[in-house]
Amino acid sequence: MRTRGLFLMHSLSSSSSASSLNLKEATNWWWDVNESPVWQDRIFHILAFLYAVVSVIAVIQLIRIQLRVPEYGWMTQKVFHFLNFVVNGVRALVFVFRRDARNMQPEILQHILLDIPSLAFFTTYALLVLFWAEIYYQARAVSTDGLRPSFFTINALVYVVQIALWLVLWWKPVHVTVIISKMFFACVSLFAALGFLLYGGRLFLMLQRFPVESKGRRKKLQEVGYVTSICFTCFLIRCIMMCFNAFDEGANLDVLDHPILNFIYYLLVEILPSSLVLFILRKLPPKRGITQYHQIR
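Numbering (the UniProt record's numbering), first residue to last: 1 to 297.
In C-alpha cells form, the structure reads like this:
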C-alpha cells in the first residue's frame, strides 16, 4: 500500500514537472520570438503585406465603382473605399519602415506616425455610421440636416484633442500624458462601437419590419447585421486593448519587442474587419437611377 502511494506521488510529481517544463518552453518561445530582430521584421513585414492587400482591394473596388457610375461625384461608397485605401496603405508603409519609425526623433513623431492611421480608421467607419443614420431617419421621415454637421464636428473635436495631446507630449513628455492619450483613443473607440450598435441596430430592426416580399430585404438585412456585428466587435476590442496598453507595459503596442501582440491586435481590429466589410459591401451601384442608398450629398 505504501509502495502504491509512493508511486502515485512520484507520478503526480513527474506530471507537474512536465507541465511546468511545457509552460516554461512556451514562455521561452514567446520571448524568443519577441526579442528576435529577425522575427520582429518578419511579423511586421507580414502585417505590411496584409495591409497592402486590403489597400489594393479597396482601390480596385473604387475604380470599379467609378467605371460603373462615372457621371456621379463622390458617393458614400467612393469615399469609404478611398479612405480604406489610404488608411491601409499608410499602415502598410508604417510597418515596412517600423524599425526606422521607432528611431525617429523627436519622440513625438513616433506617436504621430502610429496614431494618425488609427484616427483615419475611426473617420472611415464613422462615415458608415453617418450613412446608416441618414437612411434610418429618412425612412422615418425625420430631418437629417443636423447629421452631417454633427459628423464633421465630432471628427474635428477628436482630431483637435489628439493634436493637443501630441503638443503636450512634445512640450513635456511624461508618462501620464501617454496614458491620457491612449485612454482618450479608447474612449473614441468605445464611442464608435456604440454608434454602430445604435444606428446599425436600429436600421437592422427597421429592415426586419419590412414586408417579407420586399425586394432585396433579406440581403440588406444580412449586410447591415454582419457589418454592425463586425464593426462593433472590432472597436470594442480596440477599446479594451487600448486600456490594457495604457496601464500594462506588457501590452504596449508601440515597442518593437512586442511583434506577436502587434500581429494579433492589428489583425483583429483592422485587417480582418476591413477585409470582411469590403467583401460584404462589394456590390456595385446600379448603372442608372442611383438610389439614396448609394448617393452622398
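Ideal placement from N, C-alpha and C gives every residue a C-beta, glycine not left out.
Inter-residue Cα distance where the pair is residue i and residue j
| i | j | result |
| --- | --- | --- |
| N34 | M242 | 20 Å |
| residue 298 | C231 | Within the shown structure, residues of the chain are numbered from 1 to 297, placing residue 298 beyond reach of any answer. |
| F247 | I63 | 43 Å |
| L267 | H258 | 14 Å |
| L42 | G146 | Strictly speaking, residue 42 in this sequence is Arg, with Leu absent from that position. Answer to the nearest angstrom: the Cα atoms are 47 Å apart. |
| F97 | S189 | 26 Å |
| M75 | V174 | 43 Å |
| I237 | E270 | 10 Å |
| residue 304 | F235 | There is simply no residue 304 to check, as the chain begins at 1 and stops at 297 in what is shown. |
| S181 | P286 | 43 Å |
| M183 | R218 | 39 Å |
| residue 314 | W170 | It is not possible to answer for residue 314, since the shown part of the chain is limited to 1 through 297. |
| V277 | L284 | 14 Å |
| Q40 | V69 | 44 Å |
| F152 | L128 | 13 Å |
| H45 | S55 | 15 Å |
| L23 | S36 | In this predicted model, L23 has a pLDDT of only 45, less than 50, meaning its place in the structure is not dependable enough to derive any value. |
| A251 | F244 | 6 Å |
| I240 | T233 | 11 Å |
| V168 | T177 | 7 Å |
| A164 | G73 | 34 Å |
| F49 | I179 | 30 Å |
| D100 | C187 | 30 Å |
| I280 | Y226 | 8 Å |
| N103 | R140 | 53 Å |
| W132 | S150 | 14 Å |
| I135 | R148 | 13 Å |
| L67 | L130 | 25 Å |
Whether residue i touches residue j by CB criterion (8 Å)
| i | j | result |
| --- | --- | --- |
| W166 | I112 | yes |
| V262 | L47 | A quick correction: the sequence has Asn, not Val, at residue 262. Contact flag set, yes. |
| F204 | T228 | yes |
| Y125 | A192 | yes |
| N84 | A58 | yes |
| R202 | Q61 | no |
| residue 311 | G195 | Residue 311 falls outside the range modelled here, since the chain spans only 1 to 297, and no answer is possible. |
| L197 | L207 | no |
| V94 | L114 | yes |
Proximity test, residue i beta-carbon vs the ligand ADP heavy atom, cut-off 7 Å
| i | result |
| --- | --- |
| I60 | Looking for the ligand ADP in the displayed structure turns up nothing, as the structure carries no ligands at all. |
* Are the segment 80–96 and the segment 119–137 touching, with three or more C-beta to C-beta distances below 8 Å? -> yes
* **In chain order, each alpha helix (DSSP H) run of at least 4 residues that lies wholly inside the segment 104–142** => 108–139
* What are the start and end residues of each continuous alpha helix (DSSP H) run of 4 or more residues lying completely inside the segment 47–97, in chain order? -> 76–96
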